[in-house]
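Taking it in order: structure first as structure tokens, then the write-up.
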Amino acid sequence: MRLATWNVNSVKARLPRLLGWLDETKPDVVCLQETKCRADLFPAAEVKELGYATAAHGDGRWNGVAVLSRVGIEDVSLGFPGEPSYAGEAGAEDEAGQMELSEPVLLAPEARAIGATCGGVRVWSLYAPNGRTPESAHYAYKLAWFEGLRDALGAELAEGAPLVACGDYNVAPTDEDVWDPAVFVGSTHVTPAERQALADLRALGLRDVVPTPMKGPHPYTYWDYRAGAFHKNMGMRIDLFYASEDVAARVGSAYVDREARKGKGPSDHAPVVVDLD
DNA sequence: ATGACCGGTCGTACCGGA
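Each residue of the first sequence is one higher than the one before, counting from -13 in our numbering.
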């Protein structure tokens, strides 16, 4: 069984490359992030021609996650129980410079998580909030989102089914996972609290399936589009494949498909591909 | 190939990305 996770940075913009990659790589289950696509507009017919059923979660311009599977797709969860929403910066001023009255507004959670059972494995495709800066409300939201995720995955793991939780975690687990730690001092993705959030997930029994880089010593999965970062290997490992212990024990091989980052019109993230025995 | 971003949007300029 071949599983993969890929932040495609718009499924619409990436569709030709996604279809070519599916045809070539032939994964059984694929977790996609940043589809930036309303669920009812997802190109399900196109991937179905390659044998994949789709479960999509998305409401438009930003975020958006999906699971593609050719080994069945059941018990789809749009988001996770208790998933927090983002209410924006507190104390924002309106155009007249007046503080807005804080009226309670119930916002739906963003489309950052979708779960499905595929081929006997519980699969989660995750797109963690960016966090922006450690001082921002978005960063507090990121930590709250991870806390909610830990509780939801903990409840599922307690049921004992094989589970994978993979996607764009927007956290580099260690300093080895960024090309230059000095550049990231004071930035998100490397703070102790974010790394603790990952540790809290591992404490549930999830194992970090670290892929083979294929080139160079670091299994980076993301390279900024700017400044030739990919060619200079100025990357980060932020797309993670977390697996329950029984699944992790079945991992035969895992690799970063950096070929998918090359050429014209790539995503800024490369897929992670994991083969289970 | 020795230099370098991209996608989205009823703001073709700006936000979000990390």
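Glycine included, each C-beta is placed from N, C-alpha and C at the ideal position.
Please read all numbers here as calculations on a predicted model, not as lab measurements.
Task: Best match in L187, G106, V62 and Y125 for proximity to P70 [C-alpha to C-alpha] - done: Restricting attention to L187, G106, V62 and Y125, the CA atom closest to the CA of P70 is found in Y125.
- [ ] Pull up the CB-CB distance for A48 and H255, whole angstroms please, since I reckon it's below 8 Å.
- [x] According to the sequence displayed, residue 48 carries Trp and not Ala. Here W48 is actually not in contact with H255; their C-beta atoms are around 15 Å apart, not less than 8 Å.
Open item on the list: Quick check: the region 228 to 236 against the region 190 to 197, are at least 3 beta-carbon pairs closer than 8 Å?
Closed with: Contact holds: three or more Cβ-Cβ distances are below 8 Å.
Task: Close beta carbons around P197, own chain, < 6 Å, minus the five adjacent residues each side - done: Cβ within range, chain order: P205, A240, Y241, V242 and V258.
TODO: Rank A144, E121, E145 and V150 by C-alpha distance to the C-alpha of G101 and give the top, closest one.
DONE: Of the residues A144, E121, E145 and V150, the one whose Cα lies closest to the Cα of G101 is V150.
Open item on the list: Just to confirm the assignment, what range does the beta strand (DSSP E) spanning H43 have?
Closed with: Segment A39 to H43, the beta strand (DSSP E) holding H43.
TODO: To the nearest angstrom, report how far apart Q19 and L129 are at their CA atoms.
DONE: Between the alpha carbons of Q19 and L129 lies a distance of about 19 Å.
Open item on the list: Does the contact criterion of 3 or more C-beta pairs under 8 Å hold for the region 139 to 154 versus the region 165 to 172?
Closed with: Taking 8 Å as the limit for Cβ pairs, the verdict is that the region 165 to 172 does not touch the region 139 to 154.
Task: Residues that S63 bridges to, as DSSP identifies them - done: Answer is G101, bridged to S63.
Task: L143 - containing alpha helix (DSSP H), residue span - done: Its alpha helix (DSSP H) spans residues A123 to L143.
Task: Closest by C-alpha distance to M222, when choosing among D161, R188, P178 and D261 - done: Among D161, R188, P178 and D261, the Cα nearest to that of M222 belongs to D161.
Task: Enclosing alpha helix (DSSP H) for W7 [first to last residue] - done: First-last of the alpha helix (DSSP H) with W7: V(-3) to T11.
Task: Within 8 Å, strictly: CB atoms of V53 and V109 - done: Their beta carbons are under 8 Å apart, which means V53 touches V109 by this criterion.
Task: Range of the contiguous beta strand (DSSP E) that encloses R108 - done: Segment V107 to Y113, the beta strand (DSSP E) holding R108.
TODO: Using three-state DSSP, classify A229 as helix, strand or coil.
DONE: Annotated three-state conformation of A229 is strand, per DSSP.
Open item on the list: Need the endpoints of the alpha helix (DSSP H) that D186 sits in, please.
Closed with: D186: member of the alpha helix (DSSP H) spanning P178 to R188, first to last residue.
Task: A114 vs G74 beta-carbon contact at 8 Å - done: No.
Open item on the list: Helix, strand or coil, according to DSSP, for A168 in the structure here?
Closed with: DSSP places A168 within a helical segment (H, G or I) once states are collapsed to three.
TODO: Determine the closest residue to P2 out of V33, D137 and W165, with distance taken between C-alpha atoms.
DONE: Closest option to P2, Cα to Cα, is V33.
TODO: Hey, could you find the ends of the beta strand (DSSP E) A151 is sitting in?
DONE: L149 to D154 is the extent of the beta strand (DSSP E) around A151.
Task: Per-residue burial, L4 [other beta carbons within 10 Å of its own, 16 or more giving buried] - done: Per the 10 Å Cβ criterion, buried.
Open item on the list: Cutting at 7 Å between CB atoms, please list the residues of its own chain near A97, excluding the five before and the five after it.
Closed with: Result list for A97: H43, G44, D45, N49, G50 and V51, in chain order.
Open item on the list: Alpha carbons only, please: which of G58, Y38 and E245 is nearest the one belonging to Y208?
Closed with: Of the candidates G58, Y38 and E245, the residue whose Cα lies closest to the Cα of Y208 is E245.
TODO: Can you have a look at P203 and say buried or exposed, based on whether 16 or more other CB atoms are within 10 angstroms of its CB?
DONE: It counts as exposed.
Task: Given S55 as reference, the closest of S63, T103 and P29 once Cα atoms are compared - done: Minimum Cα distance to S55 is reached at T103.
Open item on the list: Quick check on the DSSP output: the beta strand (DSSP E) that includes A52 runs from which residue to which?
Closed with: Membership of A52 in the beta strand (DSSP E) is indicated by the continuous run V51 to S55.
Open item on the list: Can you list, in chain order, the residues of its chain with a C-beta nearer than 7 Å to that of D61? Leave out the 5 residues immediately preceding and following it.
Closed with: If you ignore the 5 residues before and after D61, its C-beta comes within less than 7 Å of the C-beta of A102 and T103, all in its own chain and listed in chain order.
- [ ] May I ask you to list the residues that DSSP assigns as paired with D261?
- [x] BP columns for D261 point to R(-12) and S239.
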